[in-house]
Amino acid sequence: QKEVEQNSGPLSVPEGAIASLNCTYSDRGSQSFFWYRQYSGKSPELIMSIYSNGDKEDGRFTAQLNKASQYVSLLIRDSQPSDSATYLCAVSQGAQKLVFGQGTRLTINP
Amino acid sequence: KAGVTQTPRYLIKTRGQQVTLSCSPISGHRSVSWYQQTPGQGLQFLFEYFSETQRNKGNFPGRFSGRQFSNSRSEMNVSTLELGDSALYLCASSLSPAAAGANVLTFGAGSRLTVL
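If you read the sequences in order, they're chains A and B. Start counting the first sequence at 46; every next residue gets the next number (my numbering). Start counting the second sequence at 2; every next residue gets the next number (my numbering).
Here's what the structure looks like:
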């Protein structure tokens, strides 16, 4: 079992709809969780961090964490073509050591 | 505020050669880590440095090494290059390990290494 698992996609969503990205992790002791966005040919950029169970909202983005189910998700509301990218889920295993999922490729169709 | 700067951005080497990659963290950031990204394995942690000391190391062979200087700049070295070392090497910086948000990483643009 991989430490962090994501559906690789591609996930195709019409413009204006909600995109839902999911991630599961194996280390029950994990405390810090992150979503990064990576455009083709670019480096990952941080979108959201979440540390407590529940929802965390930032603009059109909502991260959800359920530690009991070892599950993290990212919702993107009112999806825009500019949201088309690969989304990487990451779990912290120390100060700078992140374990990344393989990423979900998201395409927003105009 | 300048971001994380990595040099060189692109390089081509042949098998058996060695390569050194450089990383300058964001001003005020004292922790630097390195990651390897390949299509097959995704993003994998290489090592982490703070205060010129390696604090953590990923599961890579000893051909991969790094160091950090007193000004927080870091270098990584790969010796005896293999074809499978072709990858995007990403450097990330963050605040000191004890600081709030220490595990919030900012990545540089990366160094793309091609081994022929």
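Virtual Cβ for every residue (Gly too), placed ideally from N, Cα, C.
Selected residue, minimal CA-CA separation from residue i, among the options
i         : options                                    : result
A/Arg-73  : A/Glu-48, A/Gln-83, A/Ser-88               : A/Glu-48
A/Gly-86  : B/Pro-9, B/Leu-89, B/Ala-99, B/Ser-94      : B/Leu-89
A/Asn-98  : A/Ser-77, A/Tyr-81, A/Gln-125              : A/Ser-77
B/Val-105 : B/Leu-114, B/Thr-115, B/Ala-93             : B/Ala-93
B/Thr-15  : B/Thr-81, B/Gly-109, B/Thr-107, B/Pro-98   : B/Thr-81
A/Gly-61  : A/Arg-105, A/Leu-133, A/Gln-109            : A/Arg-105
A/Pro-155 : A/Cys-134, A/Pro-126, A/Ser-137            : A/Pro-126
A/Val-58  : A/Ser-71, A/Leu-120, A/Thr-107             : A/Leu-120
A/Ala-108 : A/Trp-80, A/Ala-130, A/Ser-129, A/Asp-128  : A/Trp-80
A/Thr-69  : A/Ser-124, A/Gln-83, A/Asn-111, A/Ile-153  : A/Asn-111
A/Tyr-84  : A/Leu-56, A/Ser-71, A/Asp-128, A/Ile-153   : A/Asp-128
A/Ser-75  : A/Ile-153, A/Pro-55, A/Ser-137             : A/Ser-137
A/Ser-71  : A/Cys-134, A/Ala-140, A/Thr-152, A/Ile-153 : A/Cys-134
A/Ala-140 : B/Ile-13, B/Thr-21, B/Trp-35               : B/Trp-35
B/Ser-32  : B/Gln-19, B/Thr-21, B/Glu-53               : B/Glu-53
B/Asn-60  : B/Tyr-50, B/Gln-45, B/Phe-51               : B/Gln-45
B/Phe-65  : B/Thr-107, B/Pro-40, B/Gln-19, B/Val-79    : B/Val-79
B/Gly-29  : B/Ile-13, B/Val-116, B/Pro-98              : B/Pro-98
B/Glu-83  : B/Arg-56, B/Ala-3, B/Gln-18                : B/Gln-18
Short Cβ contact (7 Å threshold) for residue i with residue j
i        : j         : result
B/Leu-91 : B/Gly-111 : yes
B/Phe-48 : B/Gly-67  : yes
A/Leu-91 : A/Tyr-132 : no
Where residue i falls, given that 16 or more other Cβ within 10 Å makes a residue buried
i         : result
A/Arg-122 : exposed
A/Pro-89  : buried
B/Leu-114 : buried
B/Tyr-50  : buried
A/Asp-100 : exposed
A/Ile-95  : buried
A/Asp-103 : exposed
B/Gly-43  : buried
Identified DSSP bridge partners for residue i
i         : result
B/Tyr-50  : B/Val-33, B/Gln-55
A/Val-144 : A/Val-136
B/Leu-96  : DSSP, once it has assigned bridges, lists no residue as partnering B/Leu-96.
A/Arg-150 : A/Thr-131
A/Tyr-96  : BP columns for A/Tyr-96 are empty, so no partner.
A/Glu-102 : A/Thr-107
A/Pro-59  : A/Asn-154
B/Thr-115 : B/Ile-13
A/Phe-79  : A/Ser-94, A/Ala-135
B/Leu-22  : B/Met-77
A/Ile-121 : A/Ala-64, A/Phe-106
B/Phe-108 : B/Ala-93
Would you check if there are 3 or more beta carbon pairs closer than 8 Å linking the stretch 72 to 81 of chain B to the stretch 14 to 27 of chain B? yes
Sufficient close CB pairs (3 or more, under 8 Å) joining the stretch 99 to 115 of chain A to the stretch 55 to 72 of chain B: no
Do the stretch 143 to 155 of chain A and the stretch 46 to 66 of chain A touch if we need at least three Cβ pairs shorter than 8 Å? Contact between the stretch 143 to 155 of chain A and the stretch 46 to 66 of chain A is present, because at least three Cβ pairs lie under 8 Å.
Three or more beta-carbon pairs under 8 Å between the stretch 4 to 24 of chain B and the stretch 130 to 146 of chain A, yes or no? no
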